[in-house]
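First up is the structure itself, then whatever we jot down about it.
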Amino acid sequence: MLYADTVESGAAVHRPPVILAMLLGFTALLTFFGLGNTLVGHFMSPVIGDPETAGFYGDFATGLVLAVLLTANISGIAFLRLPVQILIVWIELFLLFLGFFYSFDLNFEFIRSKVWFMITQGVFTTLYVSAISITLASVVAIIGAVAKLSSNGFAFGIASFYTSFFRGLPLLMQVYLIYLGLPQLGYVIDAVPAGILALTLCYGAYMTEIFRAGIQSISRGQWEAARSMGFGFGLTMRRVILPQSMPLIIPPTGNQFIAMLKDSSLVSVIGVWELMFLARTLGNKDFRHMEMLITAALIYWLLSICLELIQSRIERFYRTKSH
Amino acid sequence: MNSAAPIIEMKNVSKWYGSYRALTDVNLSVYEGEKIVVCGPSGSGKSTMIRTLNWLEAHQEGDILVNGIRLHRQMRNIAEVRMDVGMVFQHFNLFPHMTVLQNLMAGPVWVRGIPEAEARANAMTYLERVRIPEQADKYPGQLSGGQQQRVAIARSLCMKPRVMLFDEPTSALDPEMVSEVLDTMIELANDGMTMVCVTHEMGFARSVADRVIFMDAGQVIEENTPAEFFDNPRHERTRLFLSQILQH
Chain A
25 MLYADTVESG
35 AAVHRPPVIL
45 AMLLGFTALL
55 TFFGLGNTLV
65 GHFMSPVIGD
75 PETAGFYGDF
85 ATGLVLAVLL
95 TANISGIAFL
105 RLPVQILIVW
115 IELFLLFLGF
125 FYSFDLNFEF
135 IRSKVWFMIT
145 QGVFTTLYVS
155 AISITLASVV
165 AIIGAVAKLS
175 SNGFAFGIAS
185 FYTSFFRGLP
195 LLMQVYLIYL
205 GLPQLGYVID
215 AVPAGILALT
225 LCYGAYMTEI
235 FRAGIQSISR
245 GQWEAARSMG
255 FGFGLTMRRV
265 ILPQSMPLII
275 PPTGNQFIAM
285 LKDSSLVSVI
295 GVWELMFLAR
305 TLGNKDFRHM
315 EMLITAALIY
325 WLLSICLELI
335 QSRIERFYRT
345 KSH
Chain B
-9 MNSAAPIIEM
1 KNVSKWYGSY
11 RALTDVNLSV
21 YEGEKIVVCG
31 PSGSGKSTMI
41 RTLNWLEAHQ
51 EGDILVNGIR
61 LHRQMRNIAE
71 VRMDVGMVFQ
81 HFNLFPHMTV
91 LQNLMAGPVW
101 VRGIPEAEAR
111 ANAMTYLERV
121 RIPEQADKYP
131 GQLSGGQQQR
141 VAIARSLCMK
151 PRVMLFDEPT
161 SALDPEMVSE
171 VLDTMIELAN
181 DGMTMVCVTH
191 EMGFARSVAD
201 RVIFMDAGQV
211 IEENTPAEFF
221 DNPRHERTRL
231 FLSQILQH
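One line per chain: the protein sequences are A and B, in this order. Residues are numbered in my numbering as their position in the first sequence, beginning at 1, plus a constant of 24. If you count the second sequence from 1, position 74 lands on 64 in my numbering, and the numbers rise without skipping.
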């Protein structure tokens, strides 16, 4: 939350000029969209007559009614308490979203027949590929961060080349390069290890920067205190610096994990049977693409929400511990 | 003066930061049991000087010997030297993620390899000496500045150093907490600890120091007994400094 002022100015959407402006603006916008001859327009037929022939009058009347509803909705919500406001906005946006999906005329029976396989095969693969990759990426990141902070030219050179290269190429290209490129060197790699390797190297490069920033944020005094007692580099790092950097490293790492969960969909191009791969292939035979894509979308979203909740838990844990 | 070899010996030590000369031909010998107070205006090199003694800062010319070991770039046993040289910092530099007791046990257990039970008993002894045994399980952030600095002193003592370095230990403290830290330092001095203190506490210097060293512009201007130093300084620059800090 931003730092709120002690003076309350009252909700802008309760001021008559603002309400009037919203009304006019929404009316103009919705009229412009020409909703007269749509589902909404059909509800309006007692007023505008046959939607097919109502023309501009139909568009305008429909737009006006929707604008009134929309304005009343916004001004009305502003009267409520904050948590209720947030809840209602979420519900309304979610209903709009469902309405959007509903317009595709989905076959729910088809979804029901496939969803269990998508979860047991697809979600499982997505999760384990992501989890292994983020773990390995963390290890790469620690090594990379130390190398980038070292005064050893060799180590710095390798580390900076690595981060530059893997942050500079599209992940999709890295997946192809590893899967198709390594066999050229005589080392044939399976799809799953190739996917994990690509995700590890790519995210390891981003996380190197996160770890480097975390390590650098610890004051010189901590190094000096440790050094003055005869701590070596490894001991200082392990016992003094990294434990203090963790509260700074973990939140962005959680973000990376959520991002990776979704980027793991890119390894579907090399035939790993994860969620995205199944979403593309399961619907193919029956031309039911939208069903599978929307199901996969919702599953990705649910997984991300779970991870976000876990992440905020962890953040709160570190916040209370450091004070 | 003691006839044995000094614990710390600086011979014509010079140090540069780039082209800026921070120390110029500093000479100093510290013998077992001696208390040395180093003072001087800010930027005079006194902190730099004390930080070269455990080589948190490297010098470029001259020799520094600690326990007879010469400090130089290629040395392999700097950790051994540092174990015997305790240091107390202006900003305490306690480890904030560890409890007070863990702070005190860290060095002995991880560096000296002392068994935990022994280190714990040892740590409690020193916490009692600095009169805050009841804070053992708190985190540094929960303590006042004065208490933190006393913990920092105890942490250094747990390593059983032969000499203690104090780098402006009271400068970051609220005025009412200065005396509790100084009292701890005076007790330590009375127990016979060898000490080198950079401080502006002139009362402490007068009552505790065996010798007072005055530095300016990276050079040792005057080295004198406290009585002579305060009442009858040899150098004009010293006189000016004293008149500035003692006028109120």
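Glycine included, C-beta positions come from ideal geometry on N, C-alpha and C.
Residue-chain proximity (residue i, chain A), Cβ-Cβ < 8 Å
i                      : result
residue 225 of chain B : no
residue -2 of chain B  : no
residue 214 of chain B : no
residue 120 of chain B : no
residue 222 of chain B : no
residue 101 of chain B : yes
residue 231 of chain B : no
residue 77 of chain B  : yes
residue 149 of chain B : yes
residue 112 of chain B : no
residue 83 of chain B  : yes
Any chain B beta carbon closer than 8 Å to residue i
i                      : result
residue 259 of chain A : yes
residue 256 of chain A : yes
residue 264 of chain A : yes
residue 340 of chain A : no
residue 343 of chain A : no
residue 41 of chain A  : no
residue 269 of chain A : no
residue 249 of chain A : yes
Rounded separation between residue i and residue j - CA only
i                      : j                      : result
residue 244 of chain A : residue 122 of chain A : 54 Å
residue 281 of chain A : residue 146 of chain B : 41 Å
residue 180 of chain A : residue 226 of chain A : 18 Å
residue 65 of chain B  : residue 99 of chain B  : 24 Å
residue 26 of chain A  : residue 32 of chain A  : 14 Å
residue 43 of chain B  : residue 342 of chain A : 37 Å
residue 270 of chain A : residue -2 of chain B  : 39 Å
residue 380 of chain A : residue 266 of chain A : Residue 380 of chain A falls outside the range modelled here, since chain A spans only 25 to 347, and no answer is possible.
residue 334 of chain A : residue 184 of chain A : 32 Å
residue 48 of chain A  : residue 90 of chain A  : 11 Å
residue 326 of chain A : residue 92 of chain A  : 34 Å
residue 322 of chain A : residue 129 of chain A : 17 Å
residue 116 of chain A : residue 97 of chain A  : 10 Å
residue 1 of chain A   : residue 230 of chain B : Residue 1 of chain A lies beyond the range of chain A shown here (25 to 347); nothing can be said about it.
residue 2 of chain B   : residue 19 of chain B  : 11 Å
residue 148 of chain A : residue 139 of chain B : 53 Å
residue 338 of chain A : residue 268 of chain A : 15 Å
residue 80 of chain A  : residue 60 of chain A  : 8 Å
residue 319 of chain A : residue 65 of chain A  : 30 Å
residue 222 of chain B : residue 169 of chain B : 27 Å
residue 166 of chain B : residue 30 of chain A  : 35 Å
residue 106 of chain A : residue 85 of chain A  : 33 Å
Rounded Cβ spacing between residue i and residue j (contact assumed at less than 8 Å)
i                      : j                      : result
residue 148 of chain B : residue 97 of chain B  : 6 Å
residue 153 of chain A : residue 288 of chain A : 5 Å
residue 195 of chain B : residue 186 of chain B : Residue 195 of chain B to residue 186 of chain B, Cβ: 12 Å. No contact.
residue 119 of chain B : residue 144 of chain B : 7 Å
residue 27 of chain B  : residue 189 of chain B : 6 Å
residue 75 of chain B  : residue 56 of chain B  : 6 Å
residue 235 of chain A : residue 169 of chain A : 4 Å
residue 291 of chain A : residue 222 of chain A : 7 Å
residue 54 of chain B  : residue 61 of chain B  : 5 Å
residue 215 of chain A : residue 294 of chain A : 5 Å
residue 134 of chain A : residue 263 of chain A : No, residue 134 of chain A and residue 263 of chain A are not in contact; Cβ-Cβ is about 56 Å, not under 8 Å.
Own chain partners of residue i with C-beta closer than 6 Å, once the 5 adjacent residues on each side are dropped
i                      : result
residue 228 of chain A : 161, 164, 165
residue 35 of chain A  : 102
residue 132 of chain A : none
residue 199 of chain B : 25, 27, 216
Residues near residue i in its chain [Cβ-Cβ closer than 7 Å; skip 5 each side]
i                      : result
residue 233 of chain A : 187
residue 12 of chain B  : 5, 6, 35, 38, 208
residue 8 of chain B   : none
residue -9 of chain B  : Confidence in residue -9 of chain B is poor, its pLDDT being 46 and thus under 50, which makes the residue's placement too unreliable to answer from.
residue 68 of chain B  : 45
Min CB distance residue i to chain C below 8 Å
i                      : result
residue 275 of chain A : The question asks about chain C, but that chain is absent: this structure's protein chains are A and B.
Neighbourhood of residue i by C-beta, 8 Å cutoff - its chain only, sequence neighbours within 5 removed
i                      : result
residue 141 of chain B : 82, 84, 90, 93, 94, 117, 120, 122, 125, 130, 133
residue 286 of chain A : 324, 328
residue 206 of chain A : 212, 213, 218
Self-check item: Near-chain A residues of the segment 37 to 55 of chain B - C-beta to any C-beta below 7 Å
Solution: 44, 46
Quiz item: What residues from the segment 85 to 97 of chain B come within 8 Å of chain A, judged by C-beta to C-beta, listed N to C?
Solution: 85, 86, 87, 96, 97
Quiz item: At a Cβ cut of 7 Å, what residues of the segment 175 to 209 of chain A count as close to chain B, listed as they run along the chain?
Solution: none
Quiz item: If you measure beta-carbon to beta-carbon, which residues of the segment 63 to 74 of chain B are closer than 9 Å to chain A?
Solution: 68, 69, 70, 71, 72, 73, 74
Quiz item: Which residues, in order along the segment 227 to 245 of chain A, keep a beta-carbon less than 7 Å from a beta-carbon of chain B?
Solution: 245
Quiz item: When Cβ atoms are compared, which residues of the segment 277 to 293 of chain A fall closer than 8 Å to chain B?
Solution: none
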